[in-house]
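The structure appears below as structure tokens.
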Amino acid sequence: MKCRARVFRDDITLDEIHPGSFFSLEEDVLIKGLMDGVEPGFHKSVESGDIIVAGRYFGMGSGRESGAWAMKLAGIRCAIAESFSRYMFRNCVNNGIWPLEVKDILEYVYEGDIIEVYPEEGFLVLNDGKELRFDTYPEWMVNIIKSSAQSGGPNVR
Amino acid sequence: MKTISERLLGGEEGEYVVSEVDRVMLHDGNAPLIFHEMDKEDIWDPSLVTGVVDHFCPPSTVERAGFVKRFKEFVKEKKITDLVDNKGICHQIMCEGRALPGELIAGIDSHSTMYGALGALGIGFGASDIIEILKEGKTWFKVPKTIRVNVEKGEDGTDVALSMLGQIGYDANYRTIEFCDRTGLDMDSRMTVANMAAETGAKAAFFPPDEITRSYLDEFNISSSISIPLSDEERCVRTVNVEVEEPLVALPHKPYNVDPLSKVSGKTVDQVFIGSCASGRLSDLREAAAVLKGKKVHPDVRLLITPASNRVLDQGLKEGLVERLVKAGAVILNPSCGPCPGIDKGLMAEEEVCITTQNRNYPGRMGAGDIYIANARVCALSAVTGVITGCEDEV
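Protein chains in written order, with the working numbering: chain A, 1 to 157; chain B, 1 to 395.
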């Protein structure tokens, strides 16, 4: 998939990805909260097909799944980070969002870069044509990610 | 020799396994995320599920009242008999005669690590995972690596936890922490430490069951003789030694941003909160009441205290602690999550400062403002003086 990178720093907490005040079962409220704790109004500029790129420990802290739901509702199909909190990792898998761990990713990708990502093959292609490799996931997990992409979310299922 | 994660999850370190859980904890805060999918599904074994109303408790908006109403209907429909409504914070409730040594417990909350105080492997999950667990009674795990924490010196759970956090940061992500408790922390402190271990990113945190565990379980007429030894140190990817020499504090905005308390002494506070699932236990009420005996809360400070459960509140009433705290000017809130996750009953304005025993001080956690984390005694002292202090003489 070819996508526009929306780049964030290290140590982004779930409370920043989706502040508790946006906790709701209403899609429009959920989506308005996306990344609002780190970039207020992010929901206005995010487009379906964008990917989120972050540093280490993306999604640290709370395990509230509303953050992954908001990402999914915004059409985000992939998140790339140096590392994920274990909650964010599992919540991504369960919502059809590829959680890809790529070493030193913030050194290579900048806001707005267009990159090509091949999650099942284990590599991505940067703006300048350079390739970065990452570990792939076992088949059963790939199947959860793929089938969850078709379902999930409060009113989407 | 196996690690505790290998023993209780099965499989070997690094392997993916499917394990059956022994118990599930649901609460009203995250359960609304599972209703849509569970509507037509049965729970694999409702007798092993506990439902707790503690987040929207009592509800502060019409929407939240609806969540609680729907949650209680859900519990009834699904034949869950263990509903604990408005009687305590979920993790405390689980540690009052439910979580047992050797069990694998799935909670719909990141602080489920707390059940490790009792020698259970408590692991938190998001909504989708909990849905699968409720249907099947099992889920997949990657068997984590182990970090050993040796508690060499320290009596207060919050300080032990802060010392650990200062050393580990979030580096226990995907790992289990095993505690070698050489000081004999009481159960209240173990609960605080295992709870705050969640802030290291740990998947689980584990105190091997011992005499302290057994005598605590005796209070609930539960006998457990199970023995689960610590892993050999060579199986651990890292060993951390905790030696608490003086009270510690976590500065805004990370729980592992830890310094000696003296570094921030004298800072003016607007709010003091003793509570959350990390605290508010009998030992915390005793500490606070000892400081506040015959004293008054500073006129510019609001002191909020949530006993962790009705059981704790009852004991606090019997010992005269609650009366002493109220006379000093503390606001005793009902056992619930309250201000800690920014839900209600004590949010802050921009530029306000709070010192608290809670587990998180992330930006926006308590509405606005800056959050400092310290033990209950320091919080009580700060409530009297109006500034952060750990010094009795100033009170």
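Glycine included, each C-beta is placed from N, C-alpha and C at the ideal position.
Values in this document were obtained by computation on a predicted structure and should not be read as measured data.
Taking a C-beta distance under 8 Å as the contact criterion, K203 of chain B and R86 of chain A qualify as a contact pair. In the three-state scheme derived from DSSP, where H, G and I count as helix and E and B as strand, A5 of chain A is classed as strand. Nearest to I226 of chain B by C-alpha distance, out of B:D45, B:L185, B:A120, B:N359, is B:A120.
V322 of chain B sits in a helix when the DSSP states are folded into three classes. Here DSSP, grouped into helix, strand and coil, assigns R235 of chain B to helix. In the three-state reduction of the DSSP assignment, M191 of chain B falls in the helix class. Bounds of the alpha helix (DSSP H) holding R286 of chain B are 282-292.
Distance from I12 of chain A to F42 of chain A at the Cβ level is roughly 12 Å; contact not present, criterion being Cβ atoms closer than 8 Å. Contact of Y174 of chain B with chain A by beta-carbon distance below 7 Å involves R86. Rounded to whole angstroms, the gap between the alpha carbons of G316 of chain B and T3 of chain B is 39 Å.
Here A349 of chain B is exposed: its Cβ has fewer than 16 other Cβ atoms, across all protein chains shown, within 10 Å. Judged by their CB atoms, C95 of chain B and L118 of chain B are nearer to each other than the 8 Å cut-off.
Among the residues of chain A, those whose CB is under 9 Å from the CB of Y16 of chain B are P138, W140, M141, following chain order. The beta-carbon distance between A74 of chain A and S45 of chain A, rounded to whole angstroms, is 10 Å. This is too long to meet the 8 Å contact definition.
The C-beta distance from A161 of chain B to T192 of chain B rounds to 6 Å, short enough to meet the 8 Å contact threshold. Here the alpha carbon of T356 of chain B sits roughly 28 Å from the alpha carbon of L217 of chain B.
Contacts with chain A at 8 Å (Cβ-Cβ) include G201 of chain B. At least one C-beta of chain B is nearer than 8 Å to the C-beta of M60 of chain A.
Straight across, the Cα-Cα distance linking W140 of chain B with K130 of chain A is about 35 Å. Per the C-alpha coordinates, the member of B:R23, B:G346, B:L321 positioned closest to L303 of chain B is B:G346.
Scanning chain A for C-beta atoms nearer than 9 Å to the C-beta of A161 of chain B yields nothing, as the closest lies near 15 Å away. Cβ contact annotation for I222 of chain B (same chain, cutoff 8 Å, sequence separation greater than five): G97, L100, in chain order.
F58 of chain A has A:F84 as its beta-bridge partners, per DSSP. Think of a sphere of 7 Å around the beta carbon of A127 of chain B: the chain A residues whose beta carbon falls inside it are E65, in chain order.
DSSP places T139 of chain B inside the beta strand (DSSP E), whose first and last residues are 138-142. With fewer than three CB-CB distances shorter than 8 Å, the region 169-184 of chain B does not count as touching the region 38-46 of chain B. Between L14 of chain A and R64 of chain A a beta carbon distance of about 6 Å is seen, short of the 8 Å cut, so the two are scored as contacting. Here F220 of chain B is exposed. Its C-beta has fewer than 16 other C-beta atoms within 10 Å. Contact annotation for Y57 of chain A against chain B: Y170, N173, G201 [CB-CB distance below 8 Å, chain order].
Taking a beta-carbon distance threshold of 8 Å, P58 of chain B does not count as an interface residue toward chain A.
Put simply, the backbone Cα of V68 of chain B is about 39 Å away from that of T385 of chain B. Residues of the region 38-55 of chain A whose Cβ lies closer than 8 Å to any Cβ of chain B: none. Along the region 20-37 of chain B, the positions whose C-beta sits under 7 Å from a C-beta of chain A are N30, P32, L33, H36, E37, read in chain order. Counting along the chain, S19 of chain B sits inside the beta strand (DSSP E) bounded by residues 16-20. Here V353 of chain B is buried: its Cβ has 16 or more other Cβ atoms, across all protein chains shown, within 10 Å.
Bounds of the alpha helix (DSSP H) holding Y216 of chain B are 211-218.
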